[in-house]
Structure formats: C-alpha cells, structure tokens
Amino acid sequence: MITINNLHFMYNDHSGIKNVNLKIEPNEVVSLLGPNGSGKTTLLKSIYGLLNPKKGRIYLDCKLISTIKSSELAKIVGGVPQDHQNSFPYKVLDLVVMGRTPYLSIFSSPLQEDYQKGRKILSELGISGLAERPYTQISGGERQLTFIARALMQEPKILLLDEPVAHLDIKNKVKVLTIVRDIAREKNLTVLMSLHDPNDAIKFSHKIVLIKDGTIIDYGSVEKIIDEKNLKKIYDIEFDILGTDTEKVIMYKISTAPLDRNETIPA
Amino acid sequence: MNASIKTNSFYLTLSPFPIALMVLFLGRYSLTITSLSSEDFFVLLNIRAPRIILCMMAGVALSVAGASLQSCLRNPLVAPYILGQSQGAAFGAALAMLFLPNCMYLIPASALVFSFIAVGLACSLARVRGEFSTVTTVLSGVIVAGVFTALLSIIKLASDPYRLSGIVFWMMGGFHKSCWDDILMALPGLVIGFSILYLMRYRLNVLSMGSNDAKLLGVNINRDRLIVIALSTLMCSSIIAVTGIIAWIGLIVPHMARSLIGPDNKYLIPASAGLGASLLLITDTLCRTLTTYDIPVSIITTLVAAPYFIYLLRKVAGGWN
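Protein chains in written order, with numbering that gives the first Met the number 0: chain A, 0 to 266; chain B, 0 to 320.
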C-alpha cells in the first residue's frame, strides 16, 4: 500500500530523514516509534504530501505520490495533524464534514447527505453528543476522535496519525487507540501512526517501525522488533521486558537511585 | 440554534435597506416625503442617492474583503489593507494628483493600479520556498506598506500646499464627492469580487482551518489564497479608489458579524455585507449631519471602532471562542 524508496528530506544538517526504505502492506496497522526529533513527523508529512522530498520516491497504491493531484491524494490518505492550532469556533459536525472537501470543487458546498454521513461517523466513534459543540471547547480525547472522524469522511485507504494520543490520559488513550484498531479492521484501512509508549504499539499494531536520527533502525512484527537491545538502541536507556512473548510489557529502568521518600524536604 | 443563525443572518443582510430609506431624508437640506419639489428631486437623485448607494457599496466591499481575508489567512486581526492595499492606493492617487490633477478619471485608475502593484509585490515577497504562510504574508504587507508610505512622503514633499491638502483629504476618505460616475467605476470590481467570494464560501471555511489542514484536505492552498487575495483586493481597492481610504470597517465588521452568527462563511459573508453597509450608512449620516462641516468618515469610524476593538482584544485574549 505504501512503498518508500530511499527517501531523503533534511531540514538542515542535523534533522530530517535519510535513506528511508519502507513497505507497508494493505490493512496493516503500523506504529512508528522513536525519540523526539527522530523524524517521525517528517516521514508522516512526506506521505501526506506536505513536504517535497529532495531524493527518493513514495508510492501509494503503486502510484508515485508526486504525480497524484492534491485533491486525489486526499481521497487516498486521510490524517490527523499533530500541530493543529485552534481556528474559528466551528461546530464539531461542521469540522467533520470538512473531510468531504476533496470531493468538492472550489465553488461547491457539502450537501445534506454529507452532513448525514458526518453524523453517522460521529455515532460510529461514539461522539454524537459533540455534534453541535464548538470544536475549540472539547477535551483532548474528544478532539482526536473529531479529527479522526474528519479523516474518515475523506474515505481514505490510508490513515496517518501523528501522535494521536500524545496528550491523553490513560482512559482516553485506550479509547482512541481501540477505536483506531476497530475502524481500521471495519473499513479495511492501512494505518501508520507515531506513538511514544512502546506498550501502546505492542497492544494496538501489527508491525512496528523503529526510527532514530532520521534512519530506520528496524521494521517488522511486534514479536520480532520489541527486545531490550532494540529499545535501548533507540531510547538510550535500559528496559525490562515482562510478560509473555505474545503479550509483552515494557518497563523502563533509571540509572540513578530512586527518589528517597523518607528524605525531609528542605524548607 | 441553526434556525436562529439563519434568521439573524437574514436580518443583518437586509438591514441596510430600511436604514438607507430613512437616511435618504436626513440631512442639512430638509426634505419631506409628502411634498417634493423639483429641486428636492434633484438633491435626492444627484446628491443623496449616489452618496447613500456608494456608502452601502463601500460597507459591503470592505467588510466582505475583511471577512474573506480573515478566513483565508486564518487570522482574526487581518484587515482588508493588510497587504498594502491602502498605501498603494494612496500613493497612486497622490501621483495622479501631482502630475495630472485635472484628469478626473485618472486618480481612481491610478489608485487602483498601484493598489494592485503593492499587493502583487507583497504576495511575491510572501512566497518563501514556495510556501505562502500567514506570517510571511502579514510581514510582507507591513514592508510594502512602509515602502509606499515613504514614496507617498516624497510626493507630499514635492506638492504645493493646495495639492498637499487634496492628498491629505483623499487619504481621510469620505463620501462628500459621491456621484453616479463613482458608482459606475466601483461597481464592476464589487460585483465580480463579491459573487466569486460568495461562491467560494465553503472553501473559505476550509482555508480558515490553517494551511496544514487545508493541504491534508486536498486544497491547493497557494492557488486558493492568491485567488481570495486578488478578489478581495479588487473589491476594496475599486471602492477606495473613488472614496479614499476608509479605515477600520473591514477589520471590525467581520468580528461583530462572527460574534452574532458564528464563523461559517455561508452566513458570515452576507451578514458582514449587510452589517458593514448599515454601519457605514449610519456613520456617514452622522458625518454629514452632526456639524455644518462634512467630516471625513474615517475619523468617525476609527474613533468608534478603536474602543470596540480594545474591548474585543480583552474579551478574546485567550482565544477566538
């Protein structure tokens, strides 16, 4: 579904991605793990078509991305941006319906059936109650689901999520990731998402990409990728891996002594 | 909720018409609707009517240009003059006044042309690495406006006191000289700009989500932004070319309209048009009736709008909710 050959995009000498090769099969949920600044967002933005890579090629569905018209690309790839800043206070339903934009000409507006479709997707994601609320006043978890709903309105084959659970509490994190997993299965979507917690990647994806300093360190099934050596390689700290082979749990270790709770706090 | 937005926007859109009928009979030359002499008709037809119509057109043009640019650049502080439109126009008008003061049609023509030159310059400066971002656009506008202000100063220096006062008066903007010719000159730009921008109302909503979001939704953002900028410049510059610079209306009215009917451009554009026309009509009526002297309209619009804007800034300091 997504084939990346020798992709290269550097903002300057230090940050960006280099020599990235990746092949993602249809209907897979793939997680992207790597430290801050490792190139996760750059990689996702290249697949969105937001960046023009200097070298290398990206194929979506066997079509070279640079030859796809932007409105056509938006029918193949839908996504949730990491850095959306509040705009004017549109209602959640209106925001979701904006997902139909790739199907509209510059002079046309969405029809009644588009709004019905929007309501249907909101209820599929369990957030019908938000429809009339301003999207600038909803919680972080609701917001992620709203943007996922908008991406689904594009009827994409590929869903790209840039840190979809970065600011969420555990309950909302589980909710969003569960929905992503279920939606991917129901709608036959290929999902590529960047995550911070390897435990989330283990629970919610088929495969994992490890990325550091703009290069892919390893890529493969969860069982194959997750081990102490690989994790240490990308995060530079020690980990303990607990649980069974099919249900791994990852704990990080700290090199300094743990906090002494009996110590008196200086006034 | 939706129904009240619809009715509010309907009333706002139609509000200028009853106001126009009322102020048609207000003024220093007193008119009564029941007994109209032929002189009364002359005043009505050749002085009051063109002034009121041009005033409504200016209200529509500036407010809709402001609303569209605010959506397009997703910045609520953007005014129709953000890309140097007014400074370009002022320079163009002054240039024509200096060299060919007797050619009536040349002043608006030159104002319009230089307004477009200023915007063109700002747009080409704003494009950094193929990107056309809000920040670079606004900064380029500041630079171009500065350059044209300096150029205007050169012309002012070179002008004799009589022409200098003409330039200064033009820059204050007003409807005291309105005539049917002015209307005919400004109308094509207004009609073209308004109708295409209204057709683009949904695209404006998408553009207002920001460039990354718009691109994700498959919008060719550079092309669409240029179209919106060109159309709003056409609208507001065709008007200020004949009236002189009218301040603040284009910044304030979209905000008032947005607070009444929400951010959806489907309602925001017609409501801004109606509200802008009404406000400018009322202001202009005050200008010509308050004192024996015809006060330039920008003075009143600024004095009224500035406090409102301060209030707005304080109210929304935490975000545009």
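From the three backbone atoms N, C-alpha and C, an ideal C-beta is built for every residue, glycine too.
Here B:Ala-240 is buried: its Cβ has 16 or more other Cβ atoms, across all protein chains shown, within 10 Å.
For B:Leu-250, not one C-beta of chain A is nearer than 8 Å to its own C-beta. The beta carbon of A:Leu-230 lies closer than 6 Å to those of Phe-238 in the same chain, with the five residues before and after it left out. Note that the C-beta distance between B:Thr-300 and B:Thr-282 is below 8 Å.
Along the length of the region 142-211 of chain A, whole beta strand (DSSP E) runs at least 3 residues long occupy 157-161, 189-194 and 206-211, reported in chain order. When secondary structure is reduced to three states using DSSP, B:Thr-242 falls in the helix class. Against chain A, the CB of B:Pro-262 has a partner CB under 8 Å away; the residue lies at that interface. Here B:Lys-214 carries a helix assignment [DSSP, helix/strand/coil].
Among the residues of chain A, those whose CB is under 8 Å from the CB of B:Lys-214 are Tyr-47, Gly-48, Leu-49 and Ser-69, following chain order.
Under the three-state reduction of DSSP output, B:Lys-265 falls in the helix class. Interface flag for A:His-205 against chain B is unset, since no Cβ pair is found closer than 8 Å. The contact set of A:Asp-93 on chain B, defined by CB atoms closer than 8 Å, consists of Asn-204 and Asp-263 in chain order. If you draw a straight line from the Cα of B:Leu-13 to the Cα of B:Ala-66, it is about 18 Å long. A:His-7 has A:Lys-54 as its beta-bridge partners, per DSSP.
Between the beta-carbon of A:Asp-161 and that of A:Val-79 there is about 6 Å, and that keeps the pair under the 8 Å contact cut. Per DSSP, A:Ile-215 is not a residue of any alpha helix (DSSP H); the beta strand (DSSP E) it occupies stretches across 214-220. Residue pairing of A:Thr-2 in beta bridges, as defined by DSSP: A:Lys-22 and A:Tyr-58.
Counting only Cβ-Cβ distances below 8 Å, B:Asn-211 has contacts in chain A at Leu-49, Pro-80, Asp-82 and His-83, in chain order. Within the same chain, Cβ atoms closer than 7 Å to the Cβ of B:Val-63 are found at Phe-193, Leu-196, Met-234, Ile-268, Ser-271 and Ala-272, the five residues on either side in sequence being excluded.
Leaving aside the five residues that flank B:Phe-24 on each side, the residues in its chain whose CB is nearer than 7 Å to its CB run, in chain order, Leu-30 and Ile-32. Between the alpha carbons of B:Ala-276 and B:Cys-54 lies a distance of about 7 Å.
Contact annotation, A:Gln-84 with B:Gly-209: C-beta distance approximately 6 Å; criterion of less than 8 Å satisfied.
Looking at the backbone, the Cα of A:Val-221 and that of A:Ile-105 are separated by about 44 Å.
Using a CB distance cut-off of 8 Å, A:Leu-72 counts as an interface residue toward chain B. Beta bridge pairing from DSSP links B:Asp-293 with no other residue. Not a single CB atom of chain B sits nearer than 8 Å to the CB of A:Ser-193.
Using a CB distance cut-off of 8 Å, B:Asn-219 counts as an interface residue toward chain A. B:Lys-176 sits in coil when the DSSP states are folded into three classes, being neither helix nor strand. Bridge partners of A:Pro-257 according to DSSP: none are assigned.
In the displayed model, A:Lys-231 falls within a helix according to three-state DSSP.
Burial check for A:Glu-112: the Cβ neighbour count within 10 Å stays below 16, so the residue is exposed. DSSP, read as helix, strand or coil, puts A:Gly-78 in strand. Against chain B, a Cβ distance below 7 Å from A:Ser-127 picks out nothing, because the smallest value is about 16 Å.
The distance from the Cβ of A:Leu-124 to that of A:Leu-144 is about 5 Å, consistent with a contact at the 8 Å cut-off.
Taking a Cβ-Cβ threshold of 9 Å, the residues of chain B close to A:Tyr-89 are Asn-204, Ser-207, Met-208, Gly-261, Pro-262 and Asp-263, in chain order. The Cβ-Cβ distance between B:Val-143 and B:Leu-120 falls below 8 Å.
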